[in-house]
Amino acid sequence: MVIKISELNFYPIKSCAGTALDTADIALRGIKHDREWLVVDAATNNFITQREIAKMCLVKPELSQSGDELTLSAPGMGAIKVPVTKTCGQRRVTVWSKACKADDQGDAAAQWLSKFLSVDCRLVRMADEHKRQVDQRYAKRKTDQVGFADDFPILLISQESLADLNTRLDQKLPMNRFRPNIVVKGCNAFDEDNWNTIKIGDLLFDVVKPCARCVITTIDQTNANKEPEPLKTLAAYRNSRNRLLFGQNVVHHSPGKLRIGDTLEIID
Numbered sequence: 001m002v003i004k005i006s007e008l009n010f011y012p013i014k015s016c017a018g019t020a021l022d023t024a025d026i027a028l029r030g031i032k033h034d035r036e037w038l039v040v041d042a043a044t045n046n047f048i049t050q051r052e053i054a055k056m057c058l059v060k061p062e063l064s065q066s067g068d069e070l071t072l073s074a075p076g077m078g079a080i081k082v083p084v085t086k087t088c089g090q091r092r093v094t095v096w097s098k099a100c101k102a103d104d105q106g107d108a109a110a111q112w113l114s115k116f117l118s119v120d121c122r123l124v125r126m127a128d129e130h131k132r133q134v135d136q137r138y139a140k141r142k143t144d145q146v147g148f149a150d151d152f153p154i155l156l157i158s159q160e161s162l163a164d165l166n167t168r169l170d171q172k173l174p175m176n177r178f179r180p181n182i183v184v185k186g187c188n189a190f191d192e193d194n195w196n197t198i199k200i201g202d203l204l205f206d207v208v209k210p211c212a213r214c215v216i217t218t219i220d221q222t223n224a225n226k227e228p229e230p231l232k233t234l235a236a237y238r239n240s241r242n243r244l245l246f247g248q249n250v251v252h253h254s255p256g257k258l259r260i261g262d263t264l265e266i267i268d
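Below, the structure is given as structure tokens:
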């Protein structure tokens, strides 16, 4: 059995559209620039996701090759370029009750997003100096960090697990419903649940926690429409203490590179 990477994805703005990669640079917080930006309520500085505003999935951020400018596009909106800035002040923003230091990205981006999302909001970028720890209940190392992803830097899912789920659904779902960073193929369905330590290419990863799925998986990422699946079916066969599990959160040991086609080796 040969297990290989079949997809690599990153999501520059948390809860907005993702970008497929052939090669991914793995940095301190995970895939470089993954969930580096965040939309927050302008008044409370609390994070906003598709859980509250489904049409966030229609915002498509494109990152310049240099990594210093985002271009945002969305249906019915003219595209806007948002240069990375540290001159618009810092905000103390909240992600799952945890405070994070972030750089406001200016009025133009805020006005554009506020108009499309119909909510008064700001776009922020995690401050370079901020260190947000992964969920310490599951961390292997206290130095492990994450950007604005929920708790861990990288989400891994096998194609076989999705194929198994799709045999139980009336309408098959694409992988983008689950917003993974790494997709692998060549194993059995849900084999990833049994891995503890894996090596992909030259990099070691700890498999730290199953991913408990939320309402975002019910949102069609192409049109923002909501439907009951896959949560209805996951509740029937992937339910652990009222947590509907699909995919595994993994944490890298060190920086490096991943490429489509890299082989995954099960260490433990």
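For the sequence shown, the numbering used here begins at 1 and goes up steadily by one.
Backbone N, C-alpha and C define an ideal beta-carbon position, used for all residues, glycine too.
Computed from a predicted model, the values in this text were never measured in an experiment.
In this structure, the CA atom of L123 is about 30 Å from the CA atom of H253. A straight line joining the alpha-carbon of D193 with that of R179 spans about 18 Å.
Separation of A99 and F47 (C-alpha to C-alpha, rounded to the nearest whole angstrom) is 10 Å. Here the segment 13-22 lies against the segment 59-70, with 3 or more beta-carbon pairs under 8 Å apart. For the segment 118-181, the full-length beta strand (DSSP E) segments reaching 3 residues or more read 121-126 and 154-158 along the chain. For T233, DSSP assigns no beta-bridge partner whatsoever.
Setting aside the 5 residues that flank it on each side, D144 is surrounded in the same chain by Q133, V134, P153 and V251, each with a C-beta closer than 8 Å to its C-beta; the list follows chain order.
Following the DSSP letters along the chain, one finds E52 in no beta strand (DSSP E), marked with neither H nor E.
T222 and C214 have their alpha carbons spaced roughly 18 Å apart.
Secondary structure within the segment 40-112: not one fully enclosed alpha helix (DSSP H) run of 4 or more consecutive residues is present.
Taking all protein chains shown into account, D103 has 16 or more neighbouring C-beta atoms within 10 Å of its C-beta and is therefore buried. Here D34 is buried. Its C-beta has 16 or more other C-beta atoms within 10 Å. CA-CA distance, N9 to L21, rounds to 6 Å. Boundaries of the beta strand (DSSP E) around I26: T23 to A27.
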